[in-house]
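Reminder that position 19 of the sequence shown reads as 19 in full-length UniProt numbering, one-by-one numbering, no gaps. C-beta: ideal position from N, C-alpha, C; glycine also. Bear in mind the structure is a predicted one, so any value in this text is a computation, not a measurement.
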Amino acid sequence: MTITHPVAQLTAEAYPKVKRNPDFKVLDSADLAYFRSILSNDEIINSQAPEELASFNQDWMKKYRGQSNLILLPNSTDKVSKIMKYCNDKKLAVVPQGGNTDLVGASVPVFDEIVLSLRNMNKVRDFDPVSGTFKCDAGVIMRDAHKFLHDHDHIFPLDLPSRNNCQVGGVVSTNAGGLNFLRYGSLHGNVLGLEVVLPNGEIISNINALRKDNTGYDLKQLFIGAEGTIGVITGVSIVAAAKPKALNAVFFGIEDFDTVQKLFVKAKSELSEILSAFEFMDRGSIECTIEYLTDLPFPLENQHNFYVLIETSGSNKRHDDEKLTAFLKDTIDSKLISEGMMAKDKADYDRLWTWRKSVPTACNSYGGMYKYDMSLQLKDLYSVSAAVTERLNAAGLIGDAPKPIVKSCGYGHVGDGNIHLNIAVREFTKQIEDLLEPFVYEYIASKKGSISAEHGIGFHKRGKLHYTRSDIEIRFMKDIKHHYDPNGILNPYKYI
Ligand code: MLT
Ligand code: ZN
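This is how it looks when you write it as structure tokens:
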């Protein structure tokens, strides 16, 4: 039977070595009175609504749980500014929170920090169909940004499995990469401008930024991926891409990772300008997902060691379909792949993507998961998963039973050199954690990879930057944190 964890252990109890900063003030009735004076009732949640309060305290993976007694949900930048100024003056610690879908414990409190939710800042501000510039509040849900842009013949340049809940500002704060990074690139390139409230309440804005602007330091870049540690993103201006007129997808079964790489090279060369995603999943990922997606027939007849989902998007359906059909036929004739299935229509296309997008939720539903998100040279990409699996196997944790204690699931974005390794577990145990850490980080460091490709650092990887960054880089990061947030009130106990 699948064990679920409806409630995570309190982070403070699970990590007793992490101590509350005694310099931070404990919230009192005078603070509440101030917040009530600037916010309406629907912009404040406190212990009178315990269930709502609990949902802001716990992360999506149900791994981390804070003890905040106050959630502020301001509906304007001006109110965010007032809140930050007050908190900075009083030394009240604050955790900015978007859709709370982050995967490293970055968006929930550790102790009693106030949660500053951007949920009520949810308006599209402007869209220019000529340049494709889209401006919105930070709290706009990504699904809604996609819908708005879709209706205007454009697309948001990023897509994620969590699109129904994650918010634009949170995604930018995380610097998430997503499923189409291969085509549309990084948020460091797509974000044109940001509006940010600094810890002292000052508002710094270049939201009207131009596509090209080479005047001095590009300050907005600092806030992209800063996980709310140096400012609260309240508005985003981003370049939207034209909506593709033709979308297609094909799903392959493959026996080894060398062949996955060969297929990638072939796809780049033969699908070239229409290639928009190249995602892979291993056997464990799909076994977990089959267990989870009980009502959806699996697209292939047989089980394989690896699966690849290729997406194409272009402007001419006939042209793209011909290209993809020829590519599929050629890969089968040359015996590069064992089996493949091309989507016949939009419903098929959506179904194929469901197999890929459901992997994280399927792993989480197994009971819980230890989650790693790494960048490696493409030739080494899967080796980390193989090394971890061997280690868990040697400890007798991965058996042949239909539902073993631990399931190793490697999947991710081949085009970006990014593997997600989810160790799905029936329950979190010290034995499993000790087998995984620091082994995973040391392995990544030995291959000169990155311990975070796109999910960020948060609470999970605090103090682990040295596996990827040099001492001088970490020193500069600490200087930047101290410069913007001298009292250390923004998202404390995380990042650096
Ligand atoms: C993904 O690629 O599915 C996302 O990064 C989310 C995840 O790995 O959980
Ligand atoms: Zn990803």
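Notebook entry, point to check: When every heavy atom of the ligand MLT is checked, does at least one fall within less than 7 Å of the C-beta of V359?
Noted result: yes
Margin query: Between which residues of its own chain and A49 is the CB-CB distance below 6 Å, once the five residues before and five after are set aside?
Written below: none
Check: At a cut of 8 Å, does the segment 256-275 reach the segment 166-179 through at least three beta carbon pairs?
Finding: no
Note to self: Using only the alpha-carbon positions, how far apart do K79 and K317 sit?
What the structure shows: 48 Å
Check: If you check the beta carbons only, do Y443 and K407 fall under 8 Å apart?
Finding: no
Checklist line | Rounded straight-line distance, which links the Cα of A362 to that of E291 | finding: 8 Å
Check: In the DSSP assignment, what residue or residues form a beta bridge with M84?
Finding: Its beta-bridge partners do not exist; DSSP assigns none.
Next item on the list: Report, in whole angstroms, the separation of the C-beta atoms of F127 and G66, which I expect to be a contact under 8 Å.
Entry: With a Cβ gap of about 36 Å, F127 and G66 do not count as contacting.
Margin query: List, from N- to C-terminal side, the beta strand (DSSP E) runs of 3 residues or more that fit wholly inside the segment 327-351.
Written below: 339-342
Check: Less than 8 Å separating the beta-carbons of I204 and L222?
Finding: no
Notebook entry, point to check: Excluding the five sequence neighbours on either side, which residues of its own chain have a C-beta within less than 8 Å of the C-beta of K448, listed in chain order?
Noted result: Q377
Next item on the list: Flag this pair as yes or no: are the beta carbons of E279 and V414 separated by less than 8 Å?
Entry: yes
Check: What are the boundary residues of the alpha helix (DSSP H) that G170 is part of?
Finding: 168-174
Next item on the list: Rounded to whole angstroms, what's the CA-CA distance from T4 to L421? Just pull it up for me.
Entry: A caution first: T4 carries a pLDDT of 47, below 50, which makes its placement in the model unreliable, though a value can still be read off. Taking the straight line joining both Cα atoms gives about 20 Å.
Notebook entry, point to check: Of the choices S55, A106, Y15, V115, whose alpha-carbon is the least far from that of L27?
Noted result: V115
Item checked: Reference T294; option with closest CA among H466, S358, D159, I45 -> S358
Check: Which residues bound the beta strand (DSSP E) around V250?
Finding: 246-254
Next item on the list: Assign D485 to one of two classes, buried (16 or more other C-beta atoms within 10 Å of its C-beta) or exposed (fewer than that).
Entry: buried
Notebook entry, point to check: Quick one: is K135 buried, meaning 16 or more other Cβ sit within 10 Å of its Cβ, or exposed?
Noted result: buried
Notebook entry, point to check: When the distance is taken between beta carbons, is M374 closer than 8 Å to I457?
Noted result: no
Notebook entry, point to check: Alpha carbon to alpha carbon, what distance is there between N164 and V140?
Noted result: 11 Å
Margin query: Based on DSSP bridge pairs, tell me the residues matched to Q58.
Written below: R65
Next item on the list: My understanding is that S117 touches L179, with C-beta atoms under 8 Å, so please give their C-beta distance in whole angstroms.
Entry: About 26 Å; that fails the 8 Å criterion.
Next item on the list: Kindly indicate the opening and closing residues of the alpha helix (DSSP H) around A30.
Entry: 29-38
Note to self: Tell me the rounded alpha-carbon separation between G98 and V236.
What the structure shows: 13 Å
Item checked: Beta-bridge partners of N418, as assigned by DSSP -> S375, H413
Check: Roughly how many whole angstroms lie between the Cα atoms of T312 and N305?
Finding: 23 Å
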